Amino acid sequence: METGRGRGDALNSMAEQPAISVAGLWQVFGFDAASAFRRAQAEGGSIAEIAERLKERGCIPAVRDACFDVAEGELFVIMGLSGSGKSTLLRGISRLVEPTAGHVSIEGEDMLAASKARMTELRRSRIGMVFQHFGLFPHMTVIDNVAFPLKVGGMGRSERHGKVRDIIEMVGLEGREGAYPRELSGGQRQRVGIARSLAGDCSVWFLDEPFSALDPLIRRQLQDEFLDIRARLNTTIVFITHDIAEALKLADRIAIMRDGEIVQIGTPADIVLHPVDDYVREFARDVVRGRHAKVGSIMRADDGRAANGGPGLRPDMTLEDALAACMAHHEPVPVYDDGGNLLGTVDPQELSSALTVDHA
Amino acid sequence: MKAFRELPFANPAGLSRGLIAALLTLFTGAACLLLQDAAPWLVRFPEAWTLPATELVGAGLDSFLSAIKPVMRAWSWLLSFPMSWANAVLVGSPWPLIIGAFTASGWYLGGFRMASLTFLGFGFVLLSGYWNESMNTLSLVSVSVPLAILAGGSLGILANEVPRIRAALLAALDAMQTIPTFAYLTPLLLLFGFGPVVGLVASAIYAAPPMARNVILGLERVDPEVKEASIMSGATRWQQLFLVEIPAASQQIMVGVNQCLMASLSMVIIAAVIGGFNDIGWEVLLTMRKAQFGQAFLAGLVIVTFAIVIDRLSGSLALERRRHSRRVTWGLFLAGAVAAALLALTGTNAAPEGVFSAAAVAVDDSLGAFTAAHGATLDGIKNSAMFYGLLPLRIGLDQAVLPFTWGFQWTPATSLWLFAITVLAAIALAVTGRQVAGAGLVIAVGVLETGIAELPWPFVIVGTMALAWLAQGLRLAILSAALLGIVLISGLWDRALLSLYLSGAAVVACVIAGGALGLLSAVSEIAWTIIRPVCDMLQTIPLFVFLIPTLMFFQIGEFSAFLAICAYAVVPMIRYTRHGLVSTPPEMLEAATSSGATAWQTMIDVRMPYAAPAILLGLNQTILYAFAMLVIAALIGTTGLGQLIYLALGQADVGLGVSAGAAMAILAFIADRLAQGFAEERRKALGL
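Taken in sequence, the protein lines are chains W and U.
According to this note's numbering, numbering within the first sequence proceeds without interruption in unit steps and concludes at 360.
According to this note's numbering, numbering within the second sequence proceeds without interruption in unit steps and concludes at 688.
Next up, the structure:
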């Protein structure tokens, strides 16, 4: 579960200036959306009321008043069902679409005030993005795809090819540099997408459902590799997914979206143990809580009943691991048949390890 | 009362839209028939009411054209340079070098198959004795195509970059393709004077729209994530366009190049009508005029060979990703060069005399013998088609049925009997719940009795409006009425109805024949393997060539024109019908089979309704093809707008040419929107 950077580090640096700051972001689609939004907002009321008014005017409020900060080096996951506005939110932050209203700053720079030329420059040097369906250029080889951000930045051919070799190696594509996207498998294509987004040495990394189009085994493999890469690079990450298991596995913090609104932001344990409403609870329902909640979250003050020694629990242990440790303290227990005859014994430690996920 | 207010078009009787439209048309038609003695203006639009539109248009255009004439003449002068260069290269180079170069490119693009096709094709051209003429044509194409690609490509990119002008540009492209090709030859003639430049410019104008269309389509279809990825990589708009979007759309753009080449070739040959250039199209026209059909046929075969080789070469440029050995390519090219050098040493540099010209003479003679021997049979075919099919459609049963042909005289009493029987049948249909079919039957019989060329104008306009209302709604209905109104007051109405009659007859024939062939190809794989190459070839052949065989057997006249139109326009009907029928989703067929439907029931109840939108689109294409061919067919005798356009070309009468061309484009436009509207409506009904 734990990644190279501790969750605590990320949360501590929240006190400093956040790497990404989003405030009051609205994304409204439709005819003359900007002025429709201004009028709807001028009439006041809650977010839901403004959204309702926009809908009456034939506009679609895809993102409604999104507010969040992402700390430097944090892995921030935005989760929601399809149509909840999560991809649109990301496109607003990266200005692939122009937000209707609100504020976005990345590393202190006001993104919405940046000129076109400045945006181009930022995208070449500071922001990388990975797409759900990879977005590879069909007419370029792997190495040309990966080196594209450097090419448009004006770097010479041999220099940029030299520079991206390390990245290609890091994503495990060495030897396939000359292949075209159509000759690669889905997993390999997304490796190219990841490598390309890293070619510009970005410090802010956007990933839009990067693993959703892959089959489950490849997805897990790429998730693990993604965590490895993340541990090596000091990037701030916004990661979009519709898969709660993926969100819980990867995230430092998770924002849950519904109908364009962020309904809860919290650590994986918060989401699982303290869902703010039924919608979030419904997501967390299938999750094995013991795998995400920590001992600290259920610990009470000592009332003198605890035995000395014990299995050596720590507050940052998952409940699952804690249970296994406690079980190791018990004696083997008997197993009977329907007639009450003793058949054999079960060792509680083996019982718990049979239930726990293999960490290897 | 409340319900009435909510639905302005509904009525208490609950008539369907289709029935309202049919009844409205029926009443207009009946009123015109009944009142024709009291108010003859209801049937035939009085000449006094028309405006001298052709003169007005002519005067306006003349002053405009003479204003821009100096600029265009300068252009013409500029264009003459690349043309003379291309001509010098293609005509001046020894033939083995040219054959070697084309065979080499054939190898590079498509391997052995393509190389041998190219070699055999060019070999045939050489042996036909039309080498120099062919090279003249090719040099025109080789200048007009880059022009068209440049113009079409820039228009396409412009439409992509400036979304605001996109709709207008697409409409203009539509218009450019519906306006008959001959129509804009006349103004070009005035601008550029007689000579090959007119053909060059005309073919560039004609070939640019498919290029523009494919560029627009290709750029539009680039995966949005690919576009976003190039933005997020920090590419400027210029870089996005030229490094990512255009290369990513290259396959579609190459399809555009292929269509551009074919259109240009077709138009270069048509432009031979104005003469002034010793090319292969001129050769066909000349031999046709001299009634040397063997030679015309040979020259036509040369054009077909060219078309096929160019089509397949550029097609594999678009569709094949694989490229073949460069070494063999260079080898073939060198072989050509060596052969050229050897020929030069032996001093026989010129292209050989045609070895097929004797064969052409023989074909001509045997054709003469054949037509002499079977003249009666051929005349029989022609006359029965004319007397029992085309003529009644044109002037109506009341005038076409004569004792001399049908064996009895049509009298008003016969008309009454016919109408009485029809009305009874219609009532029977209405009672069994098919009111629309009943009303349609009465309308159809009415049209047949009157003849398309003699239809009262209010009936045509109201009928078109009713169809337009059904197809798309009130807006199209008003637009069609306004456009038809323009044709009416411009005095071209009679000619327009004649065009409508001939193309209508051809479309009906195509629907029947094409539908049947399409059905056959859908059912039998063997039939499709035979029909498919024929369709491919018919679509590759330049329009002009269709005239040759019909002329060979049936001489000049409406029937030959009819056959030529059918031969060209039947292809989309076959293709779309088959495509619609075979693309039924397999699970739908399995569901039908497991419900216990026989193959025939599946065809009628599942596959045909599912294929309806595709078949309607095929009908749409067939109509447009028929209109395009109608004007070309004017060369061998039609009487409608096509003839006017052709006459205008001869007299350099810009006003007449452009107005008749516009009238033709209006007919094509309305027919196109109607068919597309119905196809769209069907698609929506099926939830596709």
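Where a beta carbon is used, it is the ideal one built from N, C-alpha and C, also for glycine.
Note that the structure is predicted; figures quoted are calculated from it, not measured.
Are any of the Cβ atoms in chain W nearer than 8 Å to that of residue i?
i                      : result
residue 570 of chain U : no
residue 244 of chain U : yes
residue 220 of chain U : no
residue 163 of chain U : no
residue 311 of chain U : no
residue 203 of chain U : no
residue 225 of chain U : yes
residue 250 of chain U : yes
Return helix, strand or coil for residue i, following the three-state DSSP convention.
i                      : result
residue 181 of chain U : helix
residue 131 of chain W : coil
residue 103 of chain W : strand
residue 227 of chain U : helix
residue 311 of chain U : helix
residue 177 of chain W : coil
residue 490 of chain U : coil
residue 140 of chain W : coil
residue 61 of chain W  : strand
residue 85 of chain W  : coil
Give the residues of chain U in contact with residue i, contact being defined as C-beta atoms less than 8 Å apart.
i                      : result
residue 239 of chain W : Simply none; closest approach about 15 Å.
residue 153 of chain W : 234
residue 196 of chain W : 229 and 233
residue 127 of chain W : 232
Nearest-angstrom Cα distance between residue i and residue j?
i                      : j                      : result
residue 68 of chain W  : residue 332 of chain W : 51 Å
residue 690 of chain U : residue 526 of chain U : Look at the range of chain U in this structure, 1 to 688, and you will see that residue 690 of chain U is not part of it.
residue 88 of chain U  : residue 82 of chain U  : 10 Å
residue 393 of chain U : residue 377 of chain U : 23 Å
residue 25 of chain U  : residue 35 of chain U  : 15 Å
residue 426 of chain U : residue 398 of chain U : 21 Å
residue 76 of chain W  : residue 19 of chain W  : 11 Å
residue 577 of chain U : residue 626 of chain U : 17 Å
residue 202 of chain U : residue 662 of chain U : 17 Å
residue 533 of chain U : residue 308 of chain U : 11 Å
residue 95 of chain W  : residue 146 of chain U : 39 Å
residue 495 of chain U : residue 132 of chain U : 40 Å
residue 65 of chain W  : residue 114 of chain W : 21 Å
residue 316 of chain U : residue 109 of chain U : 6 Å
List the residues of chain W that residue i touches, going by C-beta distances under 9 Å, in chain order.
i                      : result
residue 377 of chain U : Those do not exist, as residue 377 of chain U stays about 58 Å from chain W at its closest Cβ, beyond 9 Å.
residue 247 of chain U : 137, 138, 139 and 140
Which chain W residues are close to residue i, counting only those with a beta carbon under 8 Å from its beta carbon?
i                      : result
residue 254 of chain U : Within chain W, no residue comes near residue 254 of chain U; the closest Cβ sits about 12 Å away, beyond 8 Å.
residue 239 of chain U : 152
residue 231 of chain U : 96 and 123
At 7 Å on the CB atoms, spell out the chain W contacts of residue i, in chain order.
i                      : result
residue 228 of chain U : 96, 131 and 135
residue 503 of chain U : Near residue 503 of chain U there are no residues of chain W at all, since even the closest Cβ is about 41 Å away, more than 7 Å.
Do we get a CB-CB distance below 8 Å when we pair residue i with the residues of chain U?
i                      : result
residue 121 of chain W : yes
residue 138 of chain W : yes
residue 200 of chain W : yes
residue 189 of chain W : no
residue 61 of chain W  : no
residue 311 of chain W : no
residue 148 of chain W : yes
Stretch pair the segment 315 to 324 of chain U + the segment 88 to 96 of chain U: three plus CB contacts closer than 8 Å: These segments do not touch.
Legend entry - Segment contact flag, the segment 571 to 578 of chain U with the segment 615 to 630 of chain U, C-beta cutoff 8 Å, min 3 pairs: yes
* Would you call the segment 133 to 143 of chain W and the segment 221 to 238 of chain U in contact, with 3 or more CB pairs under 8 Å? -> yes
| So does the segment 456 to 476 of chain U actually touch the segment 48 to 61 of chain U, counting three or more Cβ pairs closer than 8 Å? | No, they do not touch.
The segment 170 to 177 of chain U / the segment 98 to 114 of chain U touching (three or more Cβ pairs under 8 Å): They do not touch, by the three-pair rule.
- Query: Given 8 Å as the limit, is there contact between the segment 652 to 659 of chain U and the segment 629 to 639 of chain U, that is, 3 or more CB pairs closer than that?
  - Reply: Under the Cβ criterion (8 Å, minimum of three pairs), the segment 652 to 659 of chain U does not count as touching the segment 629 to 639 of chain U.
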